[in-house]
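Undergrad: Submitted below is the structure of interest, expressed as structure tokens.
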Amino acid sequence: MNTLEILNRMKKLPFGLKAFSRIICLKAPYFSSIKPEFTRLEPGIGEAKMEKRRAVTNHIGTVHAIAMANLCEFVGGMTLEVSVPKTHRWIPASMKIDYLKKAKTDVYASTNIKVESWPDSGPVTVHVDVFDQKKVKVVQADIEMYVSLKSKNPK
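If you read the sequence shown in this note's numbering, its first letter stands for residue 1390, the second for the next number, and so on.
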């Protein structure tokens, strides 16, 4: 069973997206530090929120830049995961991120991935925007993901 199939099964359950988000954090524990929660996830579209709490703030009391970068990778990576064909895999290669405004509230990130034709191997850029509760864009990121065919002989 692949990630998309697990997601689709869990969406049918009460608190399914919340539980799915927690499972992802167990699989990739670093994400647990920001406690992200998907509000929407389907092939091509991903949205997740992160509460402003002391653990993700900086010395001036706003949401820490790296916490928002982490949210970008969470949303961009998992949206790509449920979007790539079953024959493909991916890994983040680089990230360009712009911190546009101070985030003084809870934030949410969104991405919309449109790939006409998946390469056998090569880069795919995933754009992610982060907004505060007033819908002001506070961060934008372009994450270059290296996409390739899965090995025919997995270990």
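The C-beta atom is built at its ideal place from N, Cα and C for all residues, glycine as well.
Please classify residue 1425: is it buried, with 16 or more other beta-carbons within 10 angstroms of its beta-carbon, or exposed?
TA: Burial check for residue 1425: the Cβ neighbour count within 10 Å reaches 16 or more, so the residue is buried.
Undergrad: Residues in the same chain with beta-carbon distance under 6 Å from residue 1406, minus the five sequence neighbours each way, listed in chain order, please.
TA: 1427
Undergrad: Verify the contact flag: residue 1404, CB atom, against every heavy atom of the ligand ATP, threshold strictly below 7 Å.
TA: Within the structure as shown, the ligand ATP is missing, as the structure has no ligands at all.
Undergrad: For residue 1515, which beta-bridge partners are listed by DSSP?
TA: 1532
Undergrad: Is the number of C-beta pairs between the segment 1504-1517 and the segment 1443-1458 that are closer than 8 Å three or more?
TA: no
Undergrad: Figure out for me which residue from 1486, 1512, 1463 and 1470 has the closest Cα to the Cα of residue 1422.
TA: 1463
Undergrad: Could you work out which residue in 1526, 1532, 1498 and 1493 is closest to residue 1513 when comparing CA atoms only?
TA: 1532
Undergrad: Confirm, please, whether the CB-CB distance from residue 1517 to residue 1498 is below 8 Å.
TA: yes
Undergrad: Run through DSSP, which three-state label would residue 1451 get?
TA: Shown here, residue 1451 sits in coil according to DSSP, grouped into three states, outside any helix or strand.
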